[in-house]
Structure formats: C-alpha cells, structure tokens
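Down below is the structure, laid out as structure tokens.
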Amino acid sequence: MDKDALNIRASNLLKAELRRAGVGYAELCQRLAIIGVNESYKGVANKINRGTFSFVFFMQCMKVLDVKEFRL
0 MDKDALNIRA SNLLKAELRR AGVGYAELCQ RLAIIGVNES YKGVANKINR GTFSFVFFMQ
60 CMKVLDVKEF RL
C-alpha cells in the first residue's frame, strides 16, 4: 500500500470508531481536552479527514472513545 492509501485507511478506521461510539468531532475535542490534548475542532476535522495524524493521536482518540481493540 502506498502512503495515500494508508492515509485513507487510517481516516476511515477512525471515522468508523467515532460513528460506532456516536461521537462527533466537537465531542471528540472535548474528550481529548480532558486527557490534556488540546486540539481545535478544525484541526481535528482536518487531521481526520486527511488521515494525516500520528499513531499517538490515533491511540489518544481510541482511549477517549474507550475502544479496547480494533481490526485493521
């Protein structure tokens, strides 16, 4: 897989977990702030829509969504 395909896959995976949890970007920002990750709504939306986020950011999102496991 090339980098663009992986970015799309990462974006889709995170979006699916957000849908499953019933959480939108605004609520995600609030939850991230609770654990000390201060991101603007626009910043989060851009990262997720482009799929250009670090694995650390992905794991922080999984933590606040209370996701224990996911499938690639």
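Numbering follows numbering that gives the first Met the number 0, with no gaps: position 1 of the sequence shown is 0.
Think of the CB as a built atom: it goes at the ideal place given N, C-alpha and C, for glycine as much as any other residue.
Note that the structure is predicted; figures quoted are calculated from it, not measured.
- Residue environment for Leu27: buried (at least 16 other C-beta atoms within 10 angstroms of its C-beta).
- Taking 8 angstroms as the cut-off, the beta carbon of Ala9 is found no closer than this to the beta carbon of Gly42.
- With a 10 Å radius around the Cβ and a threshold of 16 neighbouring Cβ atoms, Phe69 comes out exposed.
- Comparing alpha-carbon positions, the option among Leu71, Gly21, Leu31 lying closest to Val55 turns out to be Leu31.
- Distance between Lys2 and Glu16, taken at the CA atoms: about 21 angstroms.
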